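J.: Sequential numbering of the first sequence, starting at 1, is according to UniProt numbering.
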Amino acid sequence: MTGGRGKGAVKNTTTALMPADERKAGKRKAPVGRSSIPKAKKEKKADKDPNKPKRPPSAFFVFLEEFRITFKKENPNVKAVSAVGKAAGEKWKSMSEEDKAPYEAKARKRKADYEKQMKDYNKKQETSANGVADDEDAEEANDEENEASGEDGEEEDDDDED
DNA sequence: TTTTTGATTGTTTGC
DNA sequence: GCAAACAATCAAAAA
């Protein structure tokens, strides 16, 4: 048994909740051929592009950030991240779309920002691809600082167009 | 000491 | 279009 590190955080409860339907393939193991067998899930060495913008958190992740704080407050003894994830997942499913709305709205914003960053990132790639690439001082100075400082946002505001 | 693992869902991305 | 990777988190366990 070495399976599951000693932690055994999940225990047999998995069968109780069951990941909906194993979601994709039970987990994200089994590197088929997407890339080339990722030795490590996370970039332990950052040999990739540290400048590459990370993927924006989904609505669930946005909710998870907040849920973590609440969960920890009510369960200061629980330190297993898996427990928080499970609880969050259950609550997320019991939540109505209206409740998820603010989280989705935020996620949308993050995504928009992510696209912007990716655009800049791609630009840099081309620049460096040209060979010169010497000075990347330009760096992203863009940044926005908007929403963050806006602090008003919260709660949907996007209303965008639909 | 360092790295991985565990658990969740959603989004992204590569083929 | 599908399937897998990856996003945060954090403490414990393993190497």
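Note that beta-carbon positions come from the ideal geometry of N, C-alpha and C, so glycine has one too. Predicted model, so just to flag it, every value in this text is computed and none were measured.
#1: Alpha carbons only, please: which of Lys106, Arg55 and Asn51 is nearest the one belonging to Phe63?
#2: If you draw a straight line from the alpha carbon of Lys72 to that of Met95, how long is it in whole angstroms?
#3: Measuring alpha carbon to alpha carbon, tell me which residue in Tyr114, Pro53, Glu104 and Arg68 is nearest Val84.
#4: Quick check: the Cα distance between Val52 and Asp120, rounded to an integer number of angstroms?
#5: Work out the CA separation of Asp113 and Val81 for me, nearest whole Å.
#6: Output the boundary residues of the alpha helix (DSSP H) element that contains Val84.
#7: Cβ atoms of Phe61 and Trp92: under 7 Å apart, would you say?
#8: Measure the CB-CB distance between Pro57 and Arg108 and report whether it falls below 7 Å.
T.: Taking the geometry as given:
#1: Lys106
#2: 19 Å
#3: Arg68
#4: According to the sequence provided, residue 52 is Lys. The question's Val does not apply to it. Going from the Cα of Lys52 to the Cα of Asp120 covers about 10 Å.
#5: 27 Å
#6: Val81 to Ser94
#7: no
#8: no
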